[in-house]
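Below: the structure, in structure tokens.
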Amino acid sequence: MSSPLAGFWAFLATYVAYFLPSILFPMDSRWLASLQKPTWSPPGAIVGLAWMIVYGMIALSVALLHTKVGWRNLGWLWKGSFIVNLLLVFIYFAGQTVSKNLFLSFLNTALIAGTAFLLVFFAWPYYRVSALLFLPYALWSSFATYLAWAIYRLNA
Numbered sequence: 000m001s002s003p004l005a006g007f008w009a010f011l012a013t014y015v016a017y018f019l020p021s022i023l024f025p026m027d028s029r030w031l032a033s034l035q036k037p038t039w040s041p042p043g044a045i046v047g048l049a050w051m052i053v054y055g056m057i058a059l060s061v062a063l064l065h066t067k068v069g070w071r072n073l074g075w076l077w078k079g080s081f082i083v084n085l086l087l088v089f090i091y092f093a094g095q096t097v098s099k100n101l102f103l104s105f106l107n108t109a110l111i112a113g114t115a116f117l118l119v120f121f122a123w124p125y126y127r128v129s130a131l132l133f134l135p136y137a138l139w140s141s142f143a144t145y146l147a148w149a150i151y152r153l154n155a
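Reminder that position 14 of the sequence shown reads as 13 in numbering that gives the first Met the number 0, one-by-one numbering, no gaps.
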């Protein structure tokens, strides 16, 4: 267990870590606008806002785990899932910037969704509130996976 101040720093570090790839590897807005999208695809501003909220929930979940359980007390399955998930987020943005390969983006998004569900599952025994805070991430990234598949199919 750790202090609330440590929880604040865990929140801030996690939020920055998840938001940073979008700054380091900005999406090509002209390329994105040129893609065919399904009619049910939300506007880009809504997608961006949703991710900002989801990243906040991820950060809050990590801060609560850090405060209530302590980083050292979290098992390697949770830590590994968290690290892999964060790396996949970096790979997604870097891959979109460099390759613009829609199929690889779909696969990467599916892996992000899968590891997000692992975060829910592996956080549950430690602190259920934290596990539930990961659930919107798992659901939203699942929606993003379906959307990525639809965009790939429309533009293949």
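Built from N, CA and C at the ideal position, the CB exists for glycine as well. In this text the structure is predicted, and so the values were computed from the model without any measurement.
In the structure shown, the three-state DSSP call for residue 67 is helix. Relative to the Cα of residue 130, the nearest Cα in the group 65, 104 and 96 belongs to 65. Between the C-alpha atoms of residue 6 and residue 63 there is a straight-line separation of about 7 Å. By the Cβ rule, the segment 73-88 does not count as touching the segment 25-39, because fewer than three pairs are nearer than 8 Å. For residue 113, the uninterrupted alpha helix (DSSP H) run begins and ends at 101-122, by DSSP. When 13, 53, 11 and 103 are compared, the shortest CA-CA separation from residue 134 is found for 53. Look at residue 34 here: in three-state DSSP terms it is coil, with no helix or strand label.
Secondary structure at residue 73: coil, using DSSP grouped into helix, strand and coil. Under the three-state reduction of DSSP output, residue 39 falls in the coil class, being neither helix nor strand.
For residue 50, the closest of 19, 149, 76 and 152 by C-alpha to C-alpha distance is 19. Short of 7 Å from the beta carbon of residue 9, and not among the five residues preceding or following it, lie these beta carbons of its own chain, in chain order: 61, 62 and 65.
If you draw a straight line from the Cα of residue 138 to the Cα of residue 114, it is about 11 Å long. Between the beta-carbon of residue 147 and that of residue 108 there is about 5 Å, and that keeps the pair under the 8 Å contact cut. Beyond the five residues adjoining it in sequence on each side, residue 140 comes within less than 6 Å, by CB distance, of 111, 112 and 115 in the same chain, given in chain order.
For residue 155, there is no enclosing alpha helix (DSSP H), since its DSSP letter is neither H nor E.
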